[in-house]
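Number of protein chains: 2
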Amino acid sequence: MLTCNKDRVKNKIETFSMFGDAGSGGITRFSLSEEALKAREEFVKRMSAVGAEIVTDDMANMYATLGGTDADFPRIVMASHCDSVRNGGNYDGILGVIAAMEVIETIVLEKISHRHPITAMIWTNEEGSLYPPAMMSSGVVCGKFDKAEMLSSKSSQGKTFGEALEESGYVGDALNRFNPKDYIAMLELHIEQGPVLEAEKKKIGVVEGVVGMVNYRISTYGQADHAGTTPMSYRRDALLAAASAIKYLHTELDKLDSNLVYTTGEILCHPCVHTVIPDLVDFSLDVRHQNPEVIRQVVEIIKNMPKTFDKCEVKYQEAWARNTIEFNKELVDLVQKNADAYGYTSKRMYSGAGHDAQFAAEIVPTTMIFVPSKDGHSHCEPEFTSVEECWRGINVVLQTVLEIDMGA
Amino acid sequence: MLTCNKDRVKNKIETFSMFGDAGSGGITRFSLSEEALKAREEFVKRMSAVGAEIVTDDMANMYATLGGTDADFPRIVMASHCDSVRNGGNYDGILGVIAAMEVIETIVLEKISHRHPITAMIWTNEEGSLYPPAMMSSGVVCGKFDKAEMLSSKSSQGKTFGEALEESGYVGDALNRFNPKDYIAMLELHIEQGPVLEAEKKKIGVVEGVVGMVNYRISTYGQADHAGTTPMSYRRDALLAAASAIKYLHTELDKLDSNLVYTTGEILCHPCVHTVIPDLVDFSLDVRHQNPEVIRQVVEIIKNMPKTFDKCEVKYQEAWARNTIEFNKELVDLVQKNADAYGYTSKRMYSGAGHDAQFAAEIVPTTMIFVPSKDGHSHCEPEFTSVEECWRGINVVLQTVLEIDMGA
């Protein structure tokens, strides 16, 4: 079967890893930063070299398009992002852009005829590291976020996203935006960012969608008293109550589906002084599962939680929620078929993390392909996926693009 | 029996409550602040008015002394502090100074003959609110802290305690320091700062000593991973482990003596982001009991704690410890006898909080008398003890001073 070029893949990974090199094997490359602009220049250089036409839209999303034999056919786009979190890795986001470039280079160099225009795309500000929220520009383009509101998003240094956008020199016409009329499909190759593929020795994650989630804040209310003068029987200790609530939630939630993930990542304690019994503890509960019925059961467990733990009142509040996004079934099956055809072991899975593809999926047939993350690490400098594993993922993208083009 | 004057007590409480009035029934009166200097001026005014001679020592501790019939006799001192925590109450510390003034005024106005000089004293910077540590000046005078080190203690605004001391105008001769040669006894009246006297309907706490304590830091070590992409079975969640450790410690420590108090007041979580599984949680464990054997059992429980909770390693480290201080048995018995003689219900107890008296006790026979704290609150504006209850405590101080003077 047709494959892309492993040396070129390696060269791209190494080249892009220099833009924002953070010194410990990873990068800090905030969206529209000097480092991110270098990555964009490299993208322009490489895509121009193979004859792709490059435009940007009003959110500075970049589109490098290789014309097809039929000018009126809608485009097939491969997209991801080139920005990172602080001290992030060399794969999250940029791998999808590298895949898009490599597929286009392969098509050009191998002189593969195609009917549809094929586009390599960079979404602006997926991480939202400097200018929240995450997935900002796909959110604007796909109608999830208000553009004016996004332009006023401020970094901690007080600069707005709108200012950064103007300064970048990459603002183009809103008419160039990704849209349902001009695009027939979007594919995003991404690292898994979790340990499952590696642990189960699978090479390709066939991504069926992005899990739905609910996010709660849970608070326990005690009485602040002196650690030395208050007998145990008189106490209402909000931290003890929070520990009890966390243990209770784990016990109850563990009875549900084994694919459920839930996290208490943040805990705040007041007054947080070693000689004072805490009077208020507040913690987060992030819960994700693809099946809305399981999420419903989680919410039931939260709602039926005891009203008090250790004599402290417990309150909960939904912070936000989002529904599961199902990717396009035909595209998912096509990815599966191609992974099988290459002889790559694979696993059907849902993405637990958010991606631009989840917004894109709401307006254009979309799917994602995952490759393994070493030790499951991501958003950190040790993030790693071997060239061989990246190359396999890109081969699946290549074959899938060509079959979409053939109208498979 | 001889009593002091309830109206004068009320007037003193009301007057001193104005110096640093924080607006919600309490005060903010940091040591050597403008507000604290006003309290010192009021002390000078009132003590001068009844003929006491006022001096200060090199830590700005203040001594107002009423000469006795025998000039060579050592002094009997009543002492506490006039500084507060931020948004503290009108009783912690200042009540002991009010008691000292009221006893001296009563002796003068009632023309009670006494052989020993009798001193009302203010210790500088008991709370350590601006300049840590707490009990700074009693620590220096009683040989627990190094003076030069204390002078360099800095407020968060960058001012040193030494600078504040010089500016105060209250620095005197080191020869005036409280010492074992010139002092025969020290008494400190204080609010309980806990709920026990009120709950047990006792009017006087006969304080036998200050409980010993150990302070530990306990840390759990997990693995930071993505909240959405890491299945539960792959996780090492340091916050879940900390919750388990806190529950474990409560279960085990609750099997020990009912007078044991222990507190996990502080908890720090890293990275403390709702979408990331915590990799490090660190919490405090403050443990207090009068019996060293019980403290030893606590340390055994900590040392025998499981090495891991929820697949996370757990480590502990002793931050600091102090032994139980036993007050002078004759003085404790004298306080008990006088509480009984007045017909006041009483309870023998240990102080769970630290006081200047615990340092004083190491060089001069010392004891404390407690009065009830409404709802056990202290170090907060709602801190309250009725005039009647303060007055009873001061009566016990008065009678005890007079009996020490008589050589009882």
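Order-wise, the sequence lines are chains V and C. Read in order, the letters of the first sequence are residues 0 to 407 in numbering that gives the first Met the number 0. Read in order, the letters of the second sequence are residues 0 to 407 in numbering that gives the first Met the number 0. The C-beta atom is built at its ideal place from N, Cα and C for all residues, glycine as well. Here the structure is a predicted model, which is why all the values come from computation and not from measurement.
Short CB-CB distance (under 8 Å) between residue i and chain C
{"i": "Met-367/V", "result": "no"}
{"i": "Thr-323/V", "result": "no"}
{"i": "Pro-132/V", "result": "no"}
{"i": "Ser-345/V", "result": "no"}
{"i": "His-113/V", "result": "no"}
{"i": "Ile-266/V", "result": "yes"}
{"i": "Ala-173/V", "result": "no"}
{"i": "Lys-246/V", "result": "yes"}
{"i": "Gly-227/V", "result": "yes"}
{"i": "Thr-118/V", "result": "no"}
{"i": "Thr-274/V", "result": "yes"}
Close beta carbons around residue i, own chain, < 6 Å, minus the five adjacent residues each side
{"i": "Tyr-343/C", "result": "Lys-202, Ile-203 and Arg-391"}
{"i": "Tyr-90/V", "result": "Ile-190, Glu-382 and Thr-384"}
{"i": "His-113/V", "result": "Gly-67 and Asp-404"}
{"i": "Phe-177/V", "result": "Val-140"}
{"i": "Val-107/V", "result": "Val-49"}
{"i": "Lys-373/C", "result": "Phe-383"}
{"i": "Lys-314/V", "result": "Ser-218"}
{"i": "Val-363/C", "result": "Pro-179, Tyr-182 and Met-185"}
{"i": "Ala-356/C", "result": "Glu-187, Thr-365 and Met-367"}
Expected contact under 8 Å - CB spacing of residue i and residue j to nearest Å
{"i": "Ala-352/V", "j": "Ile-276/V", "result": "Ala-352/V to Ile-276/V, Cβ: 38 Å. No contact."}
{"i": "Cys-81/V", "j": "Gly-66/V", "result": "No, Cys-81/V and Gly-66/V are not in contact; Cβ-Cβ is about 24 Å, not under 8 Å."}
{"i": "Phe-160/C", "j": "Leu-150/C", "result": "6 Å"}
{"i": "Gly-138/V", "j": "Phe-358/V", "result": "6 Å"}
{"i": "Glu-380/V", "j": "Ser-23/V", "result": "4 Å"}
{"i": "Leu-327/C", "j": "Thr-365/C", "result": "Here residue 327/C turns out to be Asn, not Leu, going by the sequence shown. Indeed, because the Cβ distance is near 6 Å, the residues count as touching under 8 Å."}
{"i": "Val-76/C", "j": "Thr-105/C", "result": "Actually they do not touch by this definition, with Cβ atoms about 16 Å apart."}
Residue i and residue j closer than 8 Å at C-beta
{"i": "Ser-377/C", "j": "Gly-19/C", "result": "no"}
{"i": "Ser-167/C", "j": "Ala-59/C", "result": "yes"}
{"i": "Val-272/C", "j": "Glu-191/V", "result": "no"}
{"i": "Thr-399/V", "j": "Leu-186/V", "result": "yes"}
{"i": "Val-205/V", "j": "Ile-97/V", "result": "no"}
{"i": "Lys-5/C", "j": "Val-280/C", "result": "no"}
{"i": "Met-17/V", "j": "Met-100/V", "result": "no"}
{"i": "Lys-336/C", "j": "Leu-196/C", "result": "no"}
{"i": "Arg-74/C", "j": "Pro-132/C", "result": "no"}
{"i": "Ala-242/C", "j": "Ala-242/V", "result": "yes"}
{"i": "Glu-33/V", "j": "Phe-15/V", "result": "no"}
{"i": "Tyr-164/V", "j": "Leu-31/V", "result": "Inspection of the sequence shows that residue 164/V is occupied by Leu rather than by Tyr. Yes; because the gap between Cβ atoms is below 8 Å, this pair is in contact."}
{"i": "Gln-316/V", "j": "Arg-216/V", "result": "yes"}
{"i": "Ser-128/V", "j": "Phe-29/V", "result": "yes"}
{"i": "Tyr-62/C", "j": "Met-120/C", "result": "yes"}
{"i": "Ile-300/C", "j": "Leu-252/C", "result": "yes"}
Chain V within 8 Å of residue i, Cβ atoms only
{"i": "His-80/C", "result": "no"}
{"i": "Pro-277/C", "result": "yes"}
{"i": "Leu-239/C", "result": "yes"}
{"i": "Cys-311/C", "result": "no"}
{"i": "Cys-271/C", "result": "yes"}
{"i": "Tyr-409/C", "result": "The requested residue 409/C is not part of the displayed model; chain C covers only 0 to 407."}
{"i": "Asp-91/C", "result": "no"}
{"i": "Val-260/C", "result": "yes"}
{"i": "Asn-214/C", "result": "yes"}
{"i": "Val-297/C", "result": "no"}
{"i": "Asp-224/C", "result": "yes"}
{"i": "Ser-243/C", "result": "yes"}
{"i": "Met-231/C", "result": "yes"}
Close-in-space but distant-in-sequence residues of the same chain around residue i (CB under 8 Å, 5 per side omitted)
{"i": "Gln-289/V", "result": "Glu-207, Gly-208, Val-210, Gly-211, Asn-258, Thr-323 and Tyr-349"}
{"i": "Met-0/C", "result": "Ala-340, Tyr-341, Asn-394 and Gln-398"}
Cβ-based neighbour list, residue i, same chain, cut-off 7 Å, excluding 5 preceding and 5 following
{"i": "Lys-136/C", "result": "One detail in the question is off: residue 136/C reads as Ser in this sequence, not Lys. Only Met-58, Asn-60, Trp-122, Thr-123 and Asn-124 meet the Cβ criterion."}
{"i": "Val-293/V", "result": "Leu-255, Asp-256 and Leu-259"}
{"i": "Val-334/V", "result": "Val-205, Thr-366, Ile-368, Val-395 and Thr-399"}
{"i": "Val-331/C", "result": "Val-205, Glu-207 and Thr-366"}
Interface flag, residue i vs chain A, CB-CB below 8 Å
{"i": "Lys-254/C", "result": "The chain inventory of the structure shown lacks chain A, comprising the protein chains V and C."}
- Item | Residues, ordered as in the chain, of the segment 282–294 of chain C that lie near chain V by beta-carbon distance below 7 Å | Ser-283, Asp-285 and Arg-287
- Quick one, which residues of the segment 190–202 of chain C are near chain V if we go by CB-CB under 9 Å, in chain order? Glu-191, Gln-192, Gly-193, Pro-194, Val-195 and Ala-198
- According to a CB-to-CB cut-off of less than 8 Å, which residues of the segment 374–387 of chain C neighbour chain V? Gly-375, His-376, Ser-377, His-378 and Cys-379
- Item | Under 8 Å (Cβ pairs) to chain C, residues found in the segment 352–366 of chain V | Ala-352 and Gly-353
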